[in-house]
Amino acid sequence: MTAPACFHCGLPVPPDSGHSVLIDGTEQPMCCPGCEAVAGAIVAGGLDSFYRYRDTRSERPEPTAQDNPWAPYDLPDVQDQFVHDWEQGGRIAGLLIGGITCAACVWLIERHLGAVDGVRRVSVNASTQRAQIGYDPQRVRPSQLFAALARIGYRPAPATAAGGEQLLQRERRAALRRLGVAGLGTMQVMMFAIALYFGASSGIDAGLQRYLRWVSLLVATPVVFYAARPFFSAALRSLRGGHLSMDVPVSLAIGLAYGASFYATAFNTGDVYFESISMFTFFLLLGRAVEMRARHRAGLASGGLAQLLPLTAARLEGDTVENIPVAALAAGDRILLRAGDVVAADGEVEEGDSGVDESLLSGESAPQPKSPGSRVFAGSVNRDSALVVRVTAAGRATRLSAIEQLVERAQLEKPRQVALADRLAGYFVGAVLLAAAGAFAVWWQIDSERAFWVALSVLVVTCPCALSLATPAALAAASLRLQQMGLLVAGGQLLETLPRLTRAVFDKTGTLTLGEPRVQQVLPLRHGWDATRVLAVAAALESRSNHPLARAFAGERGQCRAENLRTITGRGVEGEVDGHGYRLGRADFAATAAPALPEESGQWLLLGDGAGPVAWIGLGDALRPSARAAVAGLQTAGLAVELLSGDQSGEVARVAAAAGIADFCAGASPEDKLAHLQALQAGGARVLMVGDGLNDVPVLSGADASVAMLSAADLARSRADAILLGGDLQALPRAVALAHRCRRIVRQNLLWALGYNALAMPLAVCGLVPPWAAAIGMSVSSLVVVLNAVRLSARPAHSAPARSLDAAPRNAG
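145 is the number of the first residue of the sequence shown in the numbering used here; add one for each residue after it.
The structure is reproduced here in structure tokens:
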């Protein structure tokens, strides 16, 4: 009998090996402990799709792999799912980190990983529990990054879509369990506490009193050692890292109160406060649970965009439909999209007419009409009827993947306000500890029995949770709202910069305009011809042409059919429509006796036949429908607006006038644009640059804030602080208004956090705040900050949705 093959490496499995791993619901055989350890780690990390998409069997791991649980993450095929190249050299690993509770955790992780040889940059987002780690693959391996995080008590995992959802589910389930234990413990211990309080005033039997104390201790112990464990774990991690986190005073309060009550119970002396400990823990956990729920619902802990893609796609091979993994799609494949299917890759419609929901990319809620020649994008949803699409980009080449990479790049930048709040929180905790020690010393002289509990109240009531949440919660909520409006934040400083801007500078082609030719005018030259008939014949002649100008007639196709089509390079096209010969193109090509060009600016094509000229067709680059309103909105917000273009003056002047822009500059080279920008900045202007071409890269890099169109060249997008996902330029004035609101909310949050602590600390020092009330106050303070920030992510009732995604070609204009 043939021995089964190892599911991981393919080698024969020895008889009675006893090694196996549950993969996709099936127990798969393994040949050795090494393969078992590697496969188990891959599945545990949420990367079991690796086995579905791999082309060949994996190599058998080294014998040491079973001793290193992180070794599978060094496999190239596994790394493809969470590691990619970094534009600054080296690679970037995206990790999910379980166990992050506050800003101090972020500080500890960044400091610890930053000390690892070969790690070049670390950025951790406490809200999403994600880390972006830039490293040199020649000096450090991913497994070493995982091991370094595990050594300081955190739970690392690859930042995959499945892993992100698993992390959120684990976080919710753990929070619910701990909250349940604390709630039940609080209810039970309060019953015993009431009996003790009333018994003390009515002469309770000493034996019964001692019994109730021991029962209270028994009930409060799981509350302290299980429900409150996250506070102790986080405090211990921060102390090991030489940093004071907000969990330190909380842990001290719970631990000292429990220790003192345990001593009083064991030696039958003094008072016990098990009900205060349990109530305190319950209110803290309740506050964090509500805060977590608010973060999740606001999208502050959302996973990767890749989770929106399907696992398989229906590939067409002739008339045969074959379901294949999305990861196996390649440019040139033809795929079938049924009604309700999620588009798995970028492509161009070959057959069918349907409406496609592109709200993910553009914010437009209404389905966009698609017909042959239209472009569709990964992550959008086919709503109406079947489409046949030829894939133009798949995997990491899609626009959806480009958006996700921009988000990852933004996470590598920590806004200055957040970094400052992280540093302040550590100093603030030190001040809290000193204040608690001082309060204890003073009250020891006044009333020694109350000294301990006053100190505990000071530790709890002044915990700087709200201070640490004030800025990052607001920035995260505002970033989410900007994405809903169609503007993806790719630079961490954008929201801080937008309120200080004084001038907006626009490129023309592909930015203020659509970047593709459109029919502007039709001037018939022969009796009996109108614009409809002219365009129908022109569209038929251009129906098989790949020339960029042919796209101007795409909307008129289908009314006539052309035969014997022939393209004459540099001159035009000719063919027969309804048995009659026509030519379309340059004037000297279309007719022997060409009339004079019209006086209006633009590009003119002549339609002619054997009898002479038929009509002039004027083409131009149409202004975006939202351009004029966007310019007016920016001007209302106090920004001066100008147009800076490399095109010639006639067309630039026309577009500027149409958009309502008085200041414009034409014929500017990339060097001229940068010099103009620097001159503006030297004069004190803070400039927003909006562009999309390769010639805009220098000014996008040098501007105080920059926005690139999604259709822009890759290099232009990589240098921008934000990407306009749809064609609605009105997202820009809305973003400026939102940034002003965000700044106000941050100030409100900071004032609230500081004001609360300034009011609560004197009350606690004076002994007017018991520990359970301090816990409620601290939780309410944090919730006020988070809920105030979440207001930024709400869609105003009057806001208009973003327009549909433009398919403008990349250009350098």
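Positions of the beta carbon are idealized from the N, C-alpha and C atoms, including for glycine.
Under a Cβ-count criterion, where at least 16 other Cβ atoms within 10 Å of its own Cβ denotes burial, should residue i be classed as buried or exposed?
{"i": "residue 358", "result": "exposed"}
{"i": "residue 507", "result": "Residue confidence for residue 507 is low, a pLDDT of 43 falling below 50, so the modelled location carries little weight; the figure read from the coordinates is stated next. Flag for residue 507 reads buried."}
{"i": "residue 710", "result": "exposed"}
{"i": "residue 186", "result": "buried"}
{"i": "residue 217", "result": "buried"}
{"i": "residue 910", "result": "exposed"}
{"i": "residue 719", "result": "buried"}
{"i": "residue 1026", "result": "Shown here, the chain extends from 145 to 957; a query on residue 1026 therefore has no answer."}
{"i": "residue 712", "result": "exposed"}
{"i": "residue 780", "result": "exposed"}
{"i": "residue 398", "result": "buried"}
{"i": "residue 630", "result": "buried"}
{"i": "residue 901", "result": "buried"}
{"i": "residue 369", "result": "exposed"}
{"i": "residue 726", "result": "buried"}
{"i": "residue 233", "result": "exposed"}
{"i": "residue 476", "result": "exposed"}
{"i": "residue 906", "result": "exposed"}
{"i": "residue 371", "result": "buried"}
Is the Cβ-Cβ distance between residue i and residue j less than 8 Å?
{"i": "residue 333", "j": "residue 418", "result": "yes"}
{"i": "residue 846", "j": "residue 818", "result": "yes"}
{"i": "residue 481", "j": "residue 535", "result": "no"}
{"i": "residue 626", "j": "residue 633", "result": "yes"}
{"i": "residue 739", "j": "residue 757", "result": "yes"}
{"i": "residue 502", "j": "residue 521", "result": "yes"}
{"i": "residue 836", "j": "residue 606", "result": "no"}
{"i": "residue 265", "j": "residue 238", "result": "no"}
{"i": "residue 318", "j": "residue 214", "result": "no"}
{"i": "residue 958", "j": "residue 580", "result": "The chain is shown only over 145 to 957; residue 958 falls outside these bounds and no answer can be derived."}
{"i": "residue 545", "j": "residue 487", "result": "no"}
{"i": "residue 500", "j": "residue 526", "result": "yes"}
{"i": "residue 785", "j": "residue 648", "result": "yes"}
{"i": "residue 540", "j": "residue 854", "result": "no"}
{"i": "residue 242", "j": "residue 314", "result": "yes"}
{"i": "residue 279", "j": "residue 235", "result": "yes"}
{"i": "residue 622", "j": "residue 882", "result": "yes"}
Can you list, in chain order, the residues of its chain with a C-beta nearer than 8 Å to that of residue i? Leave out the 5 residues immediately preceding and following it.
{"i": "residue 363", "result": "329, 332, 333, 336, 418 and 422"}
{"i": "residue 320", "result": "433"}
{"i": "residue 737", "result": "756 and 757"}
{"i": "residue 584", "result": "595, 596, 598 and 599"}
{"i": "residue 244", "result": "250, 253, 268, 270, 273 and 298"}
{"i": "residue 890", "result": "561, 614, 615, 618 and 619"}
Can you give me the Cβ contacts of residue i inside the same chain, cut-off strictly under 6 Å, excluding the 5 residues immediately before and after it?
{"i": "residue 646", "result": "829 and 830"}
{"i": "residue 721", "result": "681, 684, 704 and 706"}
{"i": "residue 438", "result": "Residue placement at residue 438 is poorly supported in this model, since its pLDDT is 49, which falls under 50; the coordinates still yield a value, given next. Hits under 6 Å: 930 and 934."}
{"i": "residue 134", "result": "Residue 134 lies beyond the stretch modelled for the chain, which goes from 145 to 957, so this question has no answer here."}
{"i": "residue 587", "result": "594, 595 and 598"}
{"i": "residue 300", "result": "239, 241, 290 and 293"}
Run the proximity test for residue i: is its beta-carbon closer than 7 Å to any non-hydrogen atom belonging to the ligand MG?
{"i": "residue 824", "result": "No copy of the ligand MG appears in this structure; indeed no ligand is present at all."}
Near residue i, what residues of its chain come up, given a Cβ to Cβ distance below 7 Å and the 5 sequence neighbours on each side ignored?
{"i": "residue 749", "result": "728, 729, 761 and 763"}
{"i": "residue 884", "result": "643"}
{"i": "residue 666", "result": "675, 678, 679, 759 and 761"}
{"i": "residue 849", "result": "638, 641, 642, 645, 832 and 865"}
{"i": "residue 409", "result": "357, 358, 361 and 416"}
Looking at the C-beta of residue i, does it have a partner C-beta in chain B at a distance below 8 Å?
{"i": "residue 816", "result": "Looking for chain B here will not work: only one protein chain is present."}
- Message: List, from N- to C-terminal side, the alpha helix (DSSP H) runs of 4 residues or more that fit wholly inside the region 802 to 838.
- Response: Entirely contained in the region 802 to 838, the alpha helix (DSSP H) runs reaching 4 residues are, in chain order, 814 to 826.
- Query: Quick check: the region 222 to 234 against the region 277 to 286, are there 3 or more CB pairs under 8 Å?
  - Reply: They touch, by the three-pair rule.
- Item | In chain order, each alpha helix (DSSP H) run of at least 4 residues that lies wholly inside the region 745 to 784 | The region 745 to 784 is shown to contain whole alpha helix (DSSP H) runs of 4 or more residues at 771 to 780, in chain order.
- Pick out the complete beta strand (DSSP E) segments inside the region 668 to 738, 3 residues or longer, and give them in chain order. Here the runs fully enclosed are 706 to 712, 716 to 721 and 724 to 729.
- Message: Extract the residue ranges of the alpha helix (DSSP H) inside the region 237 to 304, only unbroken runs of 4 or more that lie entirely within it.
- Response: If we require 4 residues or more, the alpha helix (DSSP H) runs fully inside the region 237 to 304 come out as 247 to 258 and 286 to 295.
- Whole runs of the alpha helix (DSSP H) within the region 453 to 534, excluding any shorter than 4 residues: Runs found: 503 to 506.
- Task: Say whether the region 655 to 662 touches the region 889 to 896, bearing in mind that this needs 3 or more beta-carbon pairs closer than 8 Å, one atom from each stretch.
- Result: No, they do not touch.
- Query: Any chance the region 871 to 885 sits against the region 769 to 778, with 3 or more Cβ pairs inside 8 Å?
  - Reply: By the Cβ test, the region 871 to 885 is in contact with the region 769 to 778, since at least three Cβ pairs between them sit closer than 8 Å.
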